[in-house]
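Participant: A single structure is presented below for examination.
Here you go:
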């Protein structure tokens, strides 16, 4: 079974984080694919410096520090969405790739925007860590590790 995880990850050590900075506010999110067909979970992270794919245990131990050394504002949270739900529902009109004046931060991809039959933009529902919003479930780091770590 595959899962898509969007991580609110303000302190990753071995990742190139995707960042949006607006004035003094930083909003970090990072998308991973976790594949766990049997007894081992693999992480597919296009932005990691670790091997591709990497076993979940290696990924977690080499990417994240414990939350115990962080202030609560910097705890990591993960929105875990089953891959079919993600693929059927994600929609983005690329507004997050534009400045407030409407110009592109970087040139957009040459393929069409991702949309569904009923929605043109719901990216915030996938990156929000508010458990009452969006698809899937929101987990803290400990819950995330317990869910996917398999010996």
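Residue numbers (our numbering): 16 to 166. Every residue gets a Cβ at the ideal spot worked out from N, C-alpha and C, and that includes glycine.
1) Roughly how many whole angstroms lie between the Cα atoms of residue 114 and residue 121?
2) Ends of the beta strand (DSSP E) at residue 97?
3) Given that a residue counts as buried once 16 or more other Cβ atoms are within 10 Å of its Cβ, and exposed if not, what is residue 102?
4) Exposed or buried, what is residue 76 when buried is set at 16 or more other beta-carbons lying within 10 Å of its beta-carbon?
5) Can you name the residues that DSSP bridges to residue 57?
6) If we call anything under 8 Å between Cβ atoms a contact, is residue 106 one with residue 130?
7) Could you tell me whether the Cβ atoms of residue 156 and residue 79 are closer together than 8 Å?
8) What are the boundary residues of the alpha helix (DSSP H) that includes residue 156?
9) Given a cut-off of 8 Å, decide if residue 70 and residue 55 are closer than it, judged by their beta-carbon atoms.
10) Is the beta carbon of residue 141 sitting closer than 8 Å to the one on residue 94?
11) With DSSP as the reference, label residue 181 as helix, strand or coil.
12) Please return the same chain residues whose Cβ sits closer than 6 Å to the Cβ of residue 59, not counting the five positions on each side in sequence.
13) Just the Cα atoms here: how many angstroms apart are residue 33 and residue 46?
Facilitator: According to the structure data:
1) One C-alpha to the other measures close to 10 Å.
2) Residues 92-97.
3) Under this definition residue 102 is an exposed residue.
4) Exposed.
5) Beta-bridge pairing links residue 57 to 50 and 70.
6) Yes, the Cβ-Cβ distance between residue 106 and residue 130 is below 8 Å.
7) A contact, by the Cβ cut-off of 8 Å.
8) Where residue 156 is concerned, the enclosing alpha helix (DSSP H) stretches over 156-163.
9) In contact: residue 55 and residue 70 (Cβ atoms closer than 8 Å).
10) Yes, they are a contact pair.
11) With the chain covering 16 to 166 only, the question about residue 181 has no answer from this structure.
12) Answer for residue 59: 48 and 68, listed in chain order.
13) Annotation note: pLDDT 32 at residue 33 (below 50); position unreliable, no value reported.
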